[in-house]
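Residue numbers (our numbering): 75 to 347.
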């Protein structure tokens, strides 16, 4: 009868025999040049998927450190490297010391701008995540207010400062009923269908519009890049493919007057521009 030898875990130097398993997901490498907290959260999420305990996580930790992070690992004492949590705390203090951690997070939140092509809803979600990290002791309502303020400064308040710019019309919206232009509507319920914002808040602009001579239509004309000759705007009249009226301006003859911030239980604030 042949004696079966114990199997060891993946060749990572574990001191205890265990069943060899292949990880479902491998953690990304950490170089020390990006956020330690974000990487540590990622590492823990991968460990949870793989079912790793602290001893296995400790085996994987130095393997996924490169560059400056690997140098920092080598400088840790043997005692610190002997425990997973102690090693993680030491590395966190190296790359995100508590004295500047909140300052860096707050700066990242305040400087975050919407990237080219980034959808407004995704931008709002990213701001909310950054506010959680930058202001962990604030209430949820306070963080929501800060997120909304930053969102408005970048978005709607940017429109009030710089005007309506055709180059900023969402390029990722594939269907434009009357072509590439600025869409406005007299009914707030119609506008709400196209708003994006934070988890609980939305915002609209109340504007004055110089519409000139309107070309009235009731069917889709997605090919338009300007109103037909002799007209200044396109007016979508209910009927045909339209349920609610809307007007499209192709050159920015629009003046924003008020920003309306609202939530599910009613209007939260109305401010003049």
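Where a beta carbon is used, it is the ideal one built from N, C-alpha and C, also for glycine.
Assign residue 217 to one of two classes, buried (16 or more other C-beta atoms within 10 Å of its C-beta) or exposed (fewer than that).
As a first step, residue 217 must be located in the chain shown, where it is residue number 143. Looking at its Cβ environment, which holds 16 or more other Cβ atoms inside 10 Å, residue 217 is buried.
Look up residue 258 in the DSSP assignment and give the residues it is bridged to.
Residue 258 sits at position 184 when you count from the first residue of the chain shown. For residue 258, DSSP records a beta bridge to 321.
Out of 205, 183, 335, 322, point me to the one whose CA is closest to residue 250's CA.
Locating residue 250 in the chain shown gives position 176, where the first residue counts as 1. Cα-wise, what sits closest to residue 250 is 322.
Is it buried or exposed, residue 205, if we count other Cβ atoms within 10 angstroms and call 16 or more buried?
Locating residue 205 in the chain shown gives position 131, where the first residue counts as 1. By the C-beta density criterion, residue 205 is buried, having at least 16 other C-beta atoms within 10 angstroms.
Can you tell me whether residue 289 is helix, strand or coil according to DSSP?
By 1-based counting over the chain shown, the position of residue 289 is 215. Residue 289 falls in the strand class under three-state DSSP.
Within 10 Å of its beta-carbon, does residue 34 have 16 or more other beta-carbons around it, so buried, or fewer, so exposed?
Within the shown structure, residues of the chain are numbered from 75 to 347, placing residue 34 beyond reach of any answer.
Closer than 6 angstroms: residue 102 CB and nearest the ligand FAD heavy atom:
Absence of the ligand FAD is noted for the structure shown, with no ligands found whatsoever.
Own chain residues within Cβ distance below 8 angstroms of residue 312, not counting five before or after:
Working through the chain shown from its first residue, we reach residue 312 at position 238. Hits under 8 angstroms: 292, 318, 319.
Count Cβ pairs between the segment 219 to 229 and the segment 192 to 201 that sit closer than 8 angstroms; are there 3 or more?
The segment 219 to 229 vs the segment 192 to 201: in contact.
Residue 333 versus residue 195 - alpha carbon distance:
Along the chain shown, one-based indexing puts residue 333 at 259. Along the chain shown, one-based indexing puts residue 195 at 121. Their backbone Cα atoms lie some 18 angstroms apart in a straight line.
If we ignore side chains and look at the alpha-carbon of each, how far apart do residue 298 and residue 124 end up?
As a position in the chain shown, residue 298 is number 224, starting the count at 1. As a position in the chain shown, residue 124 is number 50, starting the count at 1. CA-to-CA, the gap between residue 298 and residue 124 works out to about 53 angstroms.
Where are the alpha helix (DSSP H) runs, 4 residues long or more, that stay fully inside the segment 135 to 190, in chain order?
The qualifying runs are 141 to 148, 152 to 155, 158 to 169, 172 to 185.
Alpha carbon to alpha carbon, how far is residue 149 from residue 157? Give it in angstroms, no decimals.
What you label residue 157 is simply residue 83 of the chain shown in a count that begins at 1. What you label residue 149 is simply residue 75 of the chain shown in a count that begins at 1. The alpha-carbon separation between residue 157 and residue 149 amounts to approximately 15 angstroms.
Below 8 angstroms on the Cβ atoms is my contact criterion, and I expect residue 279 with residue 330 to pass it. Report the Cβ-Cβ distance as a whole number of Å.
The sequence position of residue 279 within the chain shown is 205, counting from 1. The sequence position of residue 330 within the chain shown is 256, counting from 1. So it is a contact: roughly 5 angstroms between Cβ atoms.
So the alpha helix (DSSP H) residue 310 belongs to, where does it begin and stop?
For the purposes of this step, residue 310 is taken as residue 236 along the chain shown, with counting starting at 1. Looking at the DSSP string, residue 310 is not in any alpha helix (DSSP H); the run it does join, the beta strand (DSSP E), is 307 to 310.
DSSP on residue 327, reduced to helix/strand/coil?
Residue mapping note: residue 327 aligns to position 253 of the chain shown, counting from 1. Residue 327 carries a coil assignment under DSSP once its states are collapsed to helix, strand and coil.
Which term fits residue 224, buried or exposed, when burial requires 16 or more other beta carbons within 10 angstroms of its beta carbon?
As a working mapping, residue 224 is identified with position 150 in the chain shown. The residue is buried, with at least 16 neighbouring Cβ atoms inside 10 Å.
Straight-line gap, residue 112 to residue 306 (C-alpha atoms, nearest Å)
Reading the chain shown from its first residue, position 38 is the one you call residue 112. Reading the chain shown from its first residue, position 232 is the one you call residue 306. Residue 112 and residue 306: Cα-Cα distance of roughly 51 angstroms.
Report all residues from its chain with a CB closer than 8 angstroms to the CB of residue 315; omit the five preceding and five following residues, and keep chain order.
As a working mapping, residue 315 is identified with position 241 in the chain shown. Hits under 8 angstroms: 251, 292, 293, 294.
Residues near residue 170 by beta carbon distance below 8 angstroms, same chain, minus five either side
Within the chain shown, numbered from 1, the residue matching residue 170 stands at position 96. Taken in chain order, the residues that qualify are 109, 110, 111, 178.
Between the C-alpha atoms of residue 212 and residue 183, what's the straight-line distance to the nearest angstrom?
Against the chain shown, residue 212 aligns to sequence position 138. Against the chain shown, residue 183 aligns to sequence position 109. Cα to Cα, residue 212 sits roughly 14 angstroms from residue 183.
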